[in-house]
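Enquirer: Chains A and B supply the protein sequences, listed in that same order. Under the working numbering, think of the first position of the first sequence as 1, with each following residue one higher. Under the working numbering, think of the first position of the second sequence as 1001, with each following residue one higher. Here a beta-carbon is modelled for each residue, glycine too, at the ideal position from N, C-alpha and C. A single structure is presented below for examination.
Number of protein chains: 2
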Amino acid sequence: MPQIVRFHETGSADVLKLEDLPLKEPGEGEVRLKVEAIGLNRAEVMFRMGQYLEPPELPSRLGYEAAGIVDATGPGVRDIQVGDRVSTIPSFSMGQYGVYGESAIVPGHAVARYPDQLSAAEGASIWMQYLTAYGALVDIGQLNRNDTVVITAASSSVGLAAIQIARAAGATAVATTRGADKKQFLLDAGADQVIVTDEEDLVERVMAGTSGKGAGLVFDPVGGALLTTLANAAASGATIFEYGALSQAPTIFPVLPALQKGLIIRGYTLFEIVSDAGRFARGKEYVYAGLESGALSPVIDSTFPLKAIADAHRYMESNRQKGKIVVTV
Amino acid sequence: MPQIVRFHETGSADVLKLEDLPLKEPGEGEVRLKVEAIGLNRAEVMFRMGQYLEPPELPSRLGYEAAGIVDATGPGVRDIQVGDRVSTIPSFSMGQYGVYGESAIVPGHAVARYPDQLSAAEGASIWMQYLTAYGALVDIGQLNRNDTVVITAASSSVGLAAIQIARAAGATAVATTRGADKKQFLLDAGADQVIVTDEEDLVERVMAGTSGKGAGLVFDPVGGALLTTLANAAASGATIFEYGALSQAPTIFPVLPALQKGLIIRGYTLFEIVSDAGRFARGKEYVYAGLESGALSPVIDSTFPLKAIADAHRYMESNRQKGKIVVTV
């Protein structure tokens, strides 16, 4: 019987349990993977704590991203065959289809082949980060070479993906990080400018770098008090994407700068892209092309074995990582 | 010497003083009006209190909207002639060009003729309300007959303008008001549905009226705690316009519904429209056509004489008015 990660109550990483569960068969439109690697996402930490967009039904599986080999397909699945080397695209309920485990069943539309030259760990580190950043910056934000993009929590996998996407468009990527310890890493990762928010004034630095205009795009998973600072650093007519809720503090809508500058502050998740067939297809094309050209290249911080899944979650919560945390199976 | 309203300190309506000031000559590109009527706006109350987007330089004039007869033009003014019957379009600094008084100088680009059949009081009640609502709902929001629009503070002049514009587009106008006393008035003014927020659950009512989908457009000058309620009543992908700051409470950015529904919450002022020549011209065309057809018809609550300007401000602050408060000169 495959080992599957589940939790029977919400809470700290301790609630994650490795359980032997019967091997299931894929249903209509579903495929089953023999999992080789799992990419971790902040969403799963939130889900485990009961703080995600979707509440868990206990006991609950979890996990959005896995790479593996298809070992069974359900009725009605086309284009995907047993033996295919694929990874999952988060376009499903993780409570229903959570991929943390040795075996995972997911909807057929939620898997895609990944380039041969990528490892399974890299294959599990593509879709959430690149489609999330692509959807905001390229699909909605229409990013171009004249834009300055402020990317907060820039050392996260999605933050690093946003830096790569901004650079690929010829735009100026301004990365923010709390402490100085990640500054050189972010410069090496492609940021044009790094603002260490514990030591530097974000608004001053952004204004200095944009001749006083401010940033036209902001990509932020933090919220809380930071949103007002970001609004003050934004250009007239700028769009600020809020794609997470990392801050525990209430997020104040910055009325004054929003009115003065006509700011668009919008909630955003990947689901906006993957729930629309056309936008989803264009996003996949974009990611494949970027991986092919080398403009996009996943950054893996570290790998943990499946039995250390709770440690992997604790490590993510420590915020020490620079890039993707992967569990190998 | 003409009587001009100024204030020497920010504060309550008591700070407004009627002063005899020398008649000034219009400068380059400016025109002078013999003022016949002044339309009051909430922005002027905020400005008087030092709470507006633009801080006053004391002593300060104030006022955005006046109707009158051009009695002098400065060098470089074309299209506008002495004797023209015009009203002002708020596209200037009210500290610099405030129109409260018997005489007002404004930039030539900020005046427009108004239809002959309108009184001066009506002429002073057109541009702020219709261009503000038009810019949000039509220019940006691309309002159409399938839309449901929630209009808060609906008894204000801009709220009533939004109701007329929504109806003109064949959309469903849902007006909200705090007390039941304005309900019949709002129905008579064209609202398809009126929600009395002191007595009814806004989210439930909007969901019931939209088969559970929610409203695609929200037009709100209140903010504060109301924004979260409005986000809960909004449809997936909806746009919420925040165009004022009537609430004294902090405005919380509703992270959860914003992410779940991909909500666009944007600051908005009329200046976004009037600072762009093409959008400004299209907006004027729209308003002229609506006044011509009768789809747009300004609602005047009451008129005050110039010497009672402080009373007029106090009345606006009482929130008892239904439509525009006008000062006749």
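1) Is the distance from the Cβ of B/V1005 to the Cβ of B/G1101 below 8 Å?
2) Who pairs with B/D1220 in a beta bridge, going by DSSP?
3) If you follow the beta strand (DSSP E) that A/S333 is part of, which residue opens it and which one closes it?
4) What does a CB cutoff of less than 7 Å around B/G1214 pick up in its chain, not counting 5 residues either side in sequence?
5) Using beta-carbon positions only, say whether A/S103 and A/P2 come within less than 8 Å of one another.
6) Which residues in the same chain as A/V45 place their Cβ atom closer than 7 Å to its Cβ, once the five residues preceding and following it in sequence are excluded?
7) Whose Cβ in chain B lies nearer than 8 Å to the Cβ of A/T269?
8) Give me the chain B residues within the contact set of A/V365, using Cβ-Cβ distance strictly less than 8 Å, ordered along the chain.
9) Tell me whether B/E1200 sits in a helix, a strand or coil according to DSSP, three-state version.
10) Please report the straight-line C-alpha distance between B/F1241 and A/P107, rounded to a whole angstrom.
11) Anyone know if the C-beta pair for B/R1178 and B/T1197 falls short of 8 Å?
12) Between B/E1200 and chain A, is there a C-beta pair that is closer than 8 Å?
13) When you compare each of B/A1225, B/I1265, B/G1141, B/V1299 to B/I1252 by their alpha carbons, which one comes out closest?
14) Out of B/I1165, B/A1154, B/V1158, B/A1169, which one is the CA nearest neighbour of B/A1175?
15) Can you pull the chain A neighbours of B/L1227, defined as C-beta to C-beta under 7 Å?
16) Measure the Cβ-Cβ separation of B/V1218 and B/L1230 and say whether it is below 8 Å.
17) Using 10 angstroms around the beta-carbon of A/S157, count the other beta-carbons present and answer buried if the total reaches 16, otherwise exposed.
18) Let me confirm a value: B/S1125 is counted as buried when at least 16 other C-beta atoms fall within 10 Å, else exposed. Which label applies?
19) Below 8 Å on C-beta distance, what does A/L131 contact in chain B?
20) Run the CB neighbour count on B/D1014, radius 10 Å, all protein chains shown included, and call it buried at 16 or more, exposed below.
21) Relative to the C-alpha of A/A66, which residue among A/L306, A/E292, A/A310 is closest?
22) Put A/D14 into one of helix, strand or coil per three-state DSSP.
23) Under a CB-based cut-off of 8 Å, is B/L1053 close to chain A?
24) Quick check on DSSP: helix, strand or coil for A/K213?
25) Write down every uninterrupted run of the beta strand (DSSP E) in the region 1156 to 1200 of chain B whose length is 3 residues or greater and which is fully enclosed by it, in chain order.
26) Looking at the structure shown, is B/G1267 part of a helix, part of a strand, or coil, going by DSSP?
Expert: According to the structure shown:
1) Yes; because the gap between Cβ atoms is below 8 Å, this pair is in contact.
2) B/E1242
3) In the structure displayed, chain A extends from 1 to 329; residue 333 of chain A sits before or after that span and is not available.
4) V1206, M1207, A1233, A1234, A1235, A1238
5) Yes, the Cβ-Cβ distance between A/S103 and A/P2 is below 8 Å.
6) Within the same chain, A/V45 has close Cβ partners H313, M316, E317.
7) L1259, Q1260, G1262
8) With chain A covering only 1 through 329, there is no way to say anything about residue 365 of chain A.
9) coil
10) 37 Å
11) Against a cut-off of 8 Å, the Cβ pair of B/T1197 and B/R1178 comes out as a contact.
12) No, its Cβ sits nowhere closer than 8 Å to a Cβ of chain A.
13) B/A1225
14) B/A1154
15) F253
16) Taking C-beta atoms as the reference points, B/V1218 and B/L1230 count as a pair closer than 8 Å.
17) buried
18) Label assigned to B/S1125: buried.
19) Near A/L131 there are no residues of chain B at all, since even the closest Cβ is about 14 Å away, more than 8 Å.
20) Looking at its Cβ environment, which holds fewer than 16 other Cβ atoms inside 10 Å, B/D1014 is exposed.
21) A/L306
22) Helix at A/D14.
23) yes
24) coil
25) 1172 to 1177, 1193 to 1196
26) Correct three-state label for B/G1267: strand.
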